[in-house]
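Numbering (the numbering used here), first residue to last: 5 to 245.
All residues carry an ideal CB built from backbone N, CA and C; glycine is no exception.
Here the structure is a predicted model, which is why all the values come from computation and not from measurement.
These notes are about the structure you will find just below.
In structure tokens, the structure reads:
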């Protein structure tokens, strides 16, 4: 927890990589809360929730499905501004109003879900969706940690808006979402070239960009434009020749 708070200080720098930071934060949620997957969703300029970061691609696909049907606890959390906790995906009573979302989540192997609002004072900009493959309730300590991480994500996004001098909050959020779209396109191209999964592709992109102080969005644009001339292949494992 202390590490992610220290990392949040980077939001004050001009070359801060928002997408990379939010991805690391989603992984921290998995580690600290004992859950299996996390997705962070924020609103675009049309006041519609869009996925901006996830701990893995399975969550990515699930969140996109949830948004397509405007269902699920994350959507409810954003509109109400209230946490949606310990929702059993195997209970028809607990998933009333979620429609096909609950069935899709169960098919993906999840049995419980939670959603925490991303808000600062009275302003809600999105929600953090947590998924577990076993029915484990979040206790008070878990909820406090999870909400603290959601608050850090909120501050990072709003701070980025200030630094980049975006005129409206939703214009800034749209800029972050546009970056995510570019990265997804580059992942698809690189995955096909390298015969990698999307998770592996994202890892090698991050491994290449971070030590070179290169933003993921900039690297993604080079890959899409076919102007990238570096070596971006996965490292060989120790037992490989």
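Which of helix, strand or coil DSSP assigns to residue i
i           : result
residue 139 : coil
residue 190 : helix
residue 245 : Any reading at residue 245 must be qualified, since the residue scores a pLDDT of 42, below 50, and its modelled position is unreliable; the value itself is stated next. Correct three-state label for residue 245: coil.
residue 121 : strand
residue 128 : strand
residue 44  : strand
residue 156 : helix
residue 34  : helix
residue 185 : helix
residue 202 : helix
residue 218 : coil
residue 116 : strand
residue 170 : Note on residue 170: pLDDT 46, under 50, position unreliable in the model; no value is reported.
From the options, residue whose alpha carbon lies closest to that of residue i
i           : options               : result
residue 190 : 115, 158 and 225      : 225
residue 205 : 215, 214, 194 and 116 : 194
residue 154 : 177, 122 and 129      : 122
residue 119 : 138, 80 and 105       : 80
residue 203 : 46, 32 and 59         : 59
residue 104 : 139, 50, 74 and 209   : 74
residue 71  : 95, 46, 88 and 152    : 46
residue 161 : 69, 130, 143 and 230  : 130
residue 99  : 235, 115 and 196      : 115
residue 145 : 38, 28, 230 and 188   : 38
residue 50  : 179, 143, 27 and 157  : 179
residue 237 : 143, 84 and 200       : 200
residue 82  : 188, 95 and 52        : 52
Beta-carbon proximity list for residue i, same chain, < 8 Å, skipping 5 on both sides
i           : result
residue 186 : 221, 224, 225 and 228
residue 214 : 24
Cβ neighbours of residue i in the same chain (closer than 7 Å, five flanking residues each side left out)
i           : result
residue 141 : 90
residue 117 : 77, 91, 93, 109, 133, 134 and 135
residue 126 : none
residue 184 : 23 and 56
Residue i and residue j closer than 9 Å at C-beta
i           : j           : result
residue 124 : residue 159 : yes
residue 102 : residue 76  : yes
residue 97  : residue 63  : no
residue 112 : residue 66  : yes
residue 87  : residue 164 : no
residue 68  : residue 157 : no
residue 27  : residue 210 : yes
residue 192 : residue 128 : no
Other residues of its chain near residue i: CB distance less than 6 Å, five sequence neighbours each side excluded
i           : result
residue 54  : 48 and 181
residue 232 : 226
residue 31  : 59
residue 242 : Low confidence applies to residue 242: its pLDDT is 44, below 50, so where it sits in the model is not reliable enough to give any reading.
residue 61  : 202 and 203
residue 139 : 115 and 116
Residue i Cβ short of 8 Å to the ligand ADP heavy atom set
i          : result
residue 83 : No copy of the ligand ADP appears in this structure; indeed no ligand is present at all.
Whole alpha helix (DSSP H) elements within the region 48-95, 4-residue minimum: You should have 61-72 and 77-84.
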